[in-house]
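Top line first, the protein sequences correspond to chains A and B. Its first residue numbered 487, the first sequence is counted upward by one per residue in the working numbering. Its first residue numbered 48, the second sequence is counted upward by one per residue in the working numbering. No residue lacks a Cβ here, since even glycine has one placed at the ideal position from N, Cα and C. No experiment lies behind these values; they were computed from the predicted model shown.
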Amino acid sequence: MKAIGRPILGLMMLVGLTAGASLRAEDAPKNCDVPAYLLTSDSLLGRVASAVKAGGPLDILVVGSRSSTIPGAEGDAYPARLQDALREKLPGVTINVSVELAPRKTAAEMAAGLGQLVEAKKPTLVVWQTGTVDAIRSVDIDDFRGAVDAGVDALQKAGADVVLINMQYSPRTETMISPTSYIDNMRVVAQQHDVPLFDRFAIMHQWNESGEFDLFRAVHGVGLAKRVHDCLGRALSSFVTDTARINPADLRIQR
Amino acid sequence: MTPAGARSASTASIPVAGTERELRLDLFRGLALWLIFVDHLPPNLFTWMTIRNYGFSDATEIFIFISGYTAAFVYGRAMLDRGFVVATARILKRVWQIYVAHVFLFTIFLAEISYVASSFENPLYTEEMGILDFLKQPDVTIVQALLLKFRPVNMDVLPLYIVLMFFLPPILWLMQRKADLTLALSVALYALTWQFDLALPAYPHGVWYFNPFAWQLLFVFGAWCALGGAKRMSRILSSPVTLWICAAYLLFAFYTTLTWHVPQLNHYMPRIIEKWMYPIDKTNLDTLRFAHFLALAALTVRILPKDWPGLKSPWLRPLILCGQHSLEIFCIGVFLAFAGHFILAEAGGGAGIHFVISLSGIFIMSAAAWMFSWYKSVAGKGGSRSKPANGDADLAGGGA
Chain A
487 MKAIGRPILG
497 LMMLVGLTAG
507 ASLRAEDAPK
517 NCDVPAYLLT
527 SDSLLGRVAS
537 AVKAGGPLDI
547 LVVGSRSSTI
557 PGAEGDAYPA
567 RLQDALREKL
577 PGVTINVSVE
587 LAPRKTAAEM
597 AAGLGQLVEA
607 KKPTLVVWQT
617 GTVDAIRSVD
627 IDDFRGAVDA
637 GVDALQKAGA
647 DVVLINMQYS
657 PRTETMISPT
667 SYIDNMRVVA
677 QQHDVPLFDR
687 FAIMHQWNES
697 GEFDLFRAVH
707 GVGLAKRVHD
717 CLGRALSSFV
727 TDTARINPAD
737 LRIQR
Chain B
48 MTPAGARSAS
58 TASIPVAGTE
68 RELRLDLFRG
78 LALWLIFVDH
88 LPPNLFTWMT
98 IRNYGFSDAT
108 EIFIFISGYT
118 AAFVYGRAML
128 DRGFVVATAR
138 ILKRVWQIYV
148 AHVFLFTIFL
158 AEISYVASSF
168 ENPLYTEEMG
178 ILDFLKQPDV
188 TIVQALLLKF
198 RPVNMDVLPL
208 YIVLMFFLPP
218 ILWLMQRKAD
228 LTLALSVALY
238 ALTWQFDLAL
248 PAYPHGVWYF
258 NPFAWQLLFV
268 FGAWCALGGA
278 KRMSRILSSP
288 VTLWICAAYL
298 LFAFYTTLTW
308 HVPQLNHYMP
318 RIIEKWMYPI
328 DKTNLDTLRF
338 AHFLALAALT
348 VRILPKDWPG
358 LKSPWLRPLI
368 LCGQHSLEIF
378 CIGVFLAFAG
388 HFILAEAGGG
398 AGIHFVISLS
408 GIFIMSAAAW
418 MFSWYKSVAG
428 KGGSRSKPAN
438 GDADLAGGGA
C-alpha cells in the first residue's frame, strides 16, 4: 500500500465528515483534482515534446485491458477523453489517440505483440495499461516484472515514447485481489527504463478518500464510470504534457 | 518479539519453564493480531498506526517469530517430559485445529464474495469482477482450497502456519540436541530458496504468498531463541554497538518508507540504493525485512524489560489476553475484517464509520479473548483436572 494517502489526509477527512462534507451532491460537476506529485515524473517524453514542437502529428496508442474502456460507451472512456483534452490544450497540433484492447490478457501475453504493433502503427507515444489481469490471476510476481520489462523494452526499441498505467483502485475487490506487489513492480520497471508511470491506482484512491467519487457503492448505470474516465483522461493529458515539458502557453505565443 | 536480550537466564532455559508465562510474548503477539486485523480492513486512520508504515517488516514477522518461540517453548517441554511421540501427537492435533480454522475462514470468504458477486454492480469494474469467475467452478476451487493451494487474499498466514507447525516435531527433536546446527540448516534452506527459487505452487497461478521455505527461518529462529539461544545472545544484545546499529537501521527503514508516502522525498534517495534495495520481497522474506524485524526485536527487549511493571497494567490486559488465545483471535480478526468490509459496503465508506469499525473490531477481539480466559479458568477449576501440564501447555500453545 505504498503511496496512498497520508495521516494528515485521514485527519482532514475525519474533520470533514463531522462537518457534514459527505453530503456532497452526487451529480455535481467534478473538478478532478489530483495532487501535483501524482502528475509529475522525473522521466521525460522526448519524442512527444518534439512532435508537439513540430506541430504534430502526435499519434498516441493506448494499449490496455478491459479497464481502458467502458463497455457500451467507448467514446467516453479515458483514451477518448485524453484526445479531447489534449486537443483543447494544444490547439493547432494534430492529435490522434487510438486504442488497442486486449481483454483478459496478462502483461506477458500483451508484451509479445507490442513490438509489431508499434512497427505497424508508428505511434509517437504508447500508453500501456496493464497489471489488472495479472493481479486477478495472481501471476508470479517475477514473471510479471519480466513481462513488463520486456514489453517496455520492445516499445522503446521500436521507437516510441512510453507511459505505463497501473490498475484501478477497486475497494470492492480489495479482499479478493491484492494489487500492491504488482504496483510496486511496475514502479520498479518504470524507474529502470526511465519511463513515466501514471499512477491510476493512487489517483483513484485519492478521489475515493477525498469524496470526489464514491467507488465503493454499487451503481447500475454507466454514469459514474463515465465521470471517472473523464477525470482520468484529463489527468492523463496533464501528465503527458507535463512529462513532455510542454507549456501550452509558450506554444500559443509561438504561433 | 522477545528474543533474547533482556530475558533473564531462568525463563530462557526450558526445564525451569512453566512457572510463569512470558507476558511480553503475549503482549506483542496480541499487538500483531490487532495490527493484522487493521491491515486487513480497507486503509483508514488506524492503518497509519500499523508498523508496516514505519519500516520494512510488519505484523506477520512478529506473529511467526512469536509462534515459533512459544511453540518450541511449550512443545519442547512436552517433548522432554513425555517423549517425542506424545509431543508429536499434540503438535499434529494443533495442526488439525489450525487447518479446521482455515477451512472455516474460507467458508466465510465464499459467503462474502458470493454476496458481492450477486449484489455489486458497477460498469467501472467489469474487469475486476473477473475475479469472481472461480465461483463458476466450485468443484475445482473448493478442492484446491482444501489442499491449501487456493488461498484468497488475507488468508495466507494460516496455511504458512500449518506447514511450519507440521514440521515442528523434527525441528524440535534436532534442536534439543544440536540447536545451532538446526538454526544453521534453517539458514541454509533460506539461502537455497533464494538461490534456486524454491516455492510451493498455488492455484490457479503463481506460488504461495508466504513462501514457507523462506519464512521457516523466522519460525526456527524463534524456536532457537526459546530453547536457550536468547540467553546466549544476551551479551551481544546488551552491547551499545548493537543498539546503535539497530537504531540506525530502523531510521533508514523509516526514511525509506517515508519516501513511499511522501514522494517528494524520493529525490533525496540515491538511485543506486533504490536499484539495489527494490523490490523488497515479502513472499520470500526479504533479508531487509528480516533484518528490520531483528533490529526492532533487539531494541524492544532492551527498552522493555521482562519485569516491566506495565505488563501487569489493566491497560495492556486486552492485548495480552488476545496474545494468549492467538488462533481464536486471529480467526475472529479475519472474520471481523470481512464483516467490516461488508458493513462498509452497505453503509458507504465514510472515515467515521471506518474508525468505528476498527475500534469495535478491536473491542470484540478483546472481549472474546477475555471470555476464553474466563472459560478456561472456570473449566480448569471445575473438572477433576488430573493433567495440569496438558491444560497449561494448550493454553500457552495457543500460540502455537
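- Using DSSP with H/G/I as helix, E/B as strand and the rest coil, what is A514 of chain A? Taking the first sequence and counting its residues from 1, one reaches residue 514 of chain A at position 28. Caution is warranted here: a pLDDT of 46 is assigned to A514 of chain A, below 50, making its placement in the model unreliable, and no coordinate value can be reported.
- Item | Which of helix, strand or coil DSSP assigns to E450 of chain B | Absent from the structure is residue 450 of chain B, since the part of chain B shown begins at 48 and ends at 447.
- First and last residue of the uninterrupted alpha helix (DSSP H) at N671 of chain A: Residue 671 of chain A sits at position 185 when you count from the first residue of the first sequence. Element bounds for N671 of chain A: T666 to H679.
- Give me the Cβ distance between T304 of chain B and Y101 of chain B, rounded to the nearest whole Å; I'm assuming they're in contact under 8 angstroms. Translated into the one-based positions of the second sequence, residue 304 of chain B becomes position 257. Translated into the one-based positions of the second sequence, residue 101 of chain B becomes position 54. So it is a contact: roughly 6 angstroms between Cβ atoms.
- Query: Are the Cβ atoms of L611 of chain A and D545 of chain A separated by less than 9 angstroms?
  - Reply: Reading the first sequence from its first residue, position 125 is the one you call residue 611 of chain A. Reading the first sequence from its first residue, position 59 is the one you call residue 545 of chain A. Yes, the pair counts as a contact, with Cβ atoms nearer than the cut-off.
- Query: Can you name the residues that DSSP bridges to I546 of chain A?
  - Reply: For this step, residue 546 of chain A is matched to residue 60 along the first sequence. Note: I546 of chain A sits in a beta bridge opposite A:V583 and A:L611.
- Query: Listed in chain order, which residues of the segment 552-578 of chain A have Cβ atoms closer than 7 angstroms to some Cβ of chain B?
  - Reply: R552, S553, I556 and P557
- Query: Under 9 angstroms, do T592 of chain A and T616 of chain A count as touching if we go by C-beta distance?
  - Reply: The residue you call residue 592 of chain A lines up with position 106 of the first sequence. The residue you call residue 616 of chain A lines up with position 130 of the first sequence. Their beta carbons are under 9 angstroms apart, which means T592 of chain A touches T616 of chain A by this criterion.
- Just by C-beta distance, which residues in the segment 648-662 of chain A are closer than 9 angstroms to chain B? M653, Q654, S656, P657, R658, T659, E660, T661 and M662
- In chain B, which residues lie less than 9 angstroms from L710 of chain A when you measure between Cβ atoms? As a working note, residue 710 of chain A is residue 224 in the first sequence. N169, P170 and L171, listed in chain order.
- Task: Run down chain B in chain order and give the residues with a C-beta less than 8 angstroms from the C-beta of T618 of chain A.
- Result: In the first sequence, counting from the first residue as 1, residue 618 of chain A sits at position 132. What T618 of chain A touches in chain B: E174 and E175.
- Which of helix, strand or coil does DSSP assign to P248 of chain B? Taking the first residue of the second sequence as 1, we reach residue 248 of chain B at position 201. Residue state, collapsed to three classes: strand.
- Message: Which residues of the segment 582-614 of chain A have a Cβ closer than 8 angstroms to any Cβ of chain B? Give them in chain order.
- Response: P589 and R590
- Message: Here's a check: name, in chain order, each residue in its chain whose Cβ is nearer than 6 angstroms to the Cβ of H149 of chain B, leaving out the five neighbours to either side.
- Response: Against the second sequence, residue 149 of chain B aligns to sequence position 102. These residues qualify, in order along the chain: L205.
- Item | Min CB distance P251 of chain B to chain A below 9 angstroms | Residue 251 of chain B sits at position 204 when you count from the first residue of the second sequence. Yes, its Cβ sits closer than 9 angstroms to a Cβ of chain A.
- Task: Output the boundary residues of the beta strand (DSSP E) element that contains L650 of chain A.
- Result: One-based indexing of the first sequence puts residue 650 of chain A at position 164. First-last of the beta strand (DSSP E) with L650 of chain A: D647 to I651.
- Quick one: what's got a C-beta closer than 6 angstroms to L572 of chain A's C-beta in the same chain, skipping five residues either side? Your numbering for residue 572 of chain A matches position 86 in the first sequence. These residues qualify, in order along the chain: I581 and S723.
- Item | Selection of the segment 624-648 of chain A by Cβ proximity to chain B, strictly under 9 angstroms | S624, V625, D626, I627, D628, D629 and R631
- Message: Is it the case that the segment 409-427 of chain B contacts the segment 79-97 of chain B, given that we only count it when at least three CB pairs across the two stretches are under 8 angstroms?
- Response: yes
- Along the chain, which unbroken stretches of the alpha helix (DSSP H) at least 4 residues long are found entirely within the segment 97-161 of chain B? 106-129
- May I ask you to report which of helix, strand or coil DSSP gives F167 of chain B? Mapped onto the second sequence, residue 167 of chain B falls at position 120. The answer is coil: DSSP assigns F167 of chain B none of H, G, I, E or B.
- Item | 6 angstroms CB neighbourhood of K428 of chain B in its chain, flanking five on each side removed | Here residue 428 of chain B refers to the residue found at position 381 when the second sequence is read from its first residue. Here the set comprises nothing.
- Message: What would DSSP say about L239 of chain B, mapped onto helix, strand or coil?
- Response: Within the second sequence, residue 239 of chain B is the residue found at index 192, counting from 1. Residue state, collapsed to three classes: helix.
- Closer than 9 angstroms, Cβ to any Cβ of chain A: which residues of the segment 376-395 of chain B, in chain order? A384, F385, H388, L391, A392 and G395
- Could you check how far apart the C-beta atoms of P657 of chain A and F725 of chain A are, in whole angstroms? I think they sit under 8 angstroms. Here residue 657 of chain A refers to the residue found at position 171 when the first sequence is read from its first residue. Here residue 725 of chain A refers to the residue found at position 239 when the first sequence is read from its first residue. Rounded, the Cβ-Cβ distance is 23 angstroms, inconsistent with contact.
- State the Cα-Cα distance for the pair A134 of chain B and L219 of chain B, rounded to the nearest angstrom. The residue labelled residue 134 of chain B in the question sits at position 87 within the second sequence. The residue labelled residue 219 of chain B in the question sits at position 172 within the second sequence. Roughly 10 angstroms between the two C-alpha positions.
- Query: Hey, quick one: how far does the alpha helix (DSSP H) through G387 of chain B stretch, first residue to last?
  - Reply: Taking the second sequence and counting its residues from 1, one reaches residue 387 of chain B at position 340. Start and end: S373 to A394.
- Message: Tell me which residues share the same chain as D635 of chain A and place their Cβ nearer than 6 angstroms to its Cβ, disregarding the 5 neighbours each side in the sequence.
- Response: The residue labelled residue 635 of chain A in the question sits at position 149 within the first sequence. V675, listed in sequence order.
- Query: Should Y256 of chain B be flagged as near chain A, meaning a C-beta pair shorter than 9 angstroms?
  - Reply: Reading the second sequence from its first residue, position 209 is the one you call residue 256 of chain B. Yes, Y256 of chain B lies at the interface with chain A (some Cβ there is under 9 angstroms from its Cβ).
- Mapping DSSP to helix, strand and coil, what is L576 of chain A? For this step, residue 576 of chain A is matched to residue 90 along the first sequence. Coil, per DSSP.
- Query: Quick one: which chain B residues come within Cβ less than 9 angstroms of Q677 of chain A?
  - Reply: By one-based count along the first sequence, residue 677 of chain A stands at place 191. Near Q677 of chain A (Cβ distances below 9 angstroms), the residues of chain B are R318, E321, K322 and Y325.
- Query: Which residue from A:M662, A:K539 and A:S551 puts its Cα closest to that of F153 of chain B?
  - Reply: Within the second sequence, the letter at position 106 stands for residue 153 of chain B. Nearest option by C-alpha distance: A:M662.
- Does any C-beta atom of chain D lie closer than 9 angstroms to the C-beta of R703 of chain A? Of the protein chains in this structure, namely A and B, none is chain D.
- Query: Are there 16 or more other CB atoms within 10 angstroms of the CB of K329 of chain B, so buried, or fewer, so exposed?
  - Reply: Within the second sequence, numbered from 1, the residue matching residue 329 of chain B stands at position 282. Label assigned to K329 of chain B: buried.
- Put D728 of chain A into one of helix, strand or coil per three-state DSSP. Reading the first sequence from its first residue, position 242 is the one you call residue 728 of chain A. Reduced to three states, the DSSP call for D728 of chain A is helix.
- Task: Determine the direct distance from the alpha carbon of P248 of chain B to that of F377 of chain B, and round the result to whole angstroms.
- Result: Taking the second sequence and counting its residues from 1, one reaches residue 377 of chain B at position 330. Taking the second sequence and counting its residues from 1, one reaches residue 248 of chain B at position 201. Spanning the two alpha carbons is a distance of roughly 25 angstroms.
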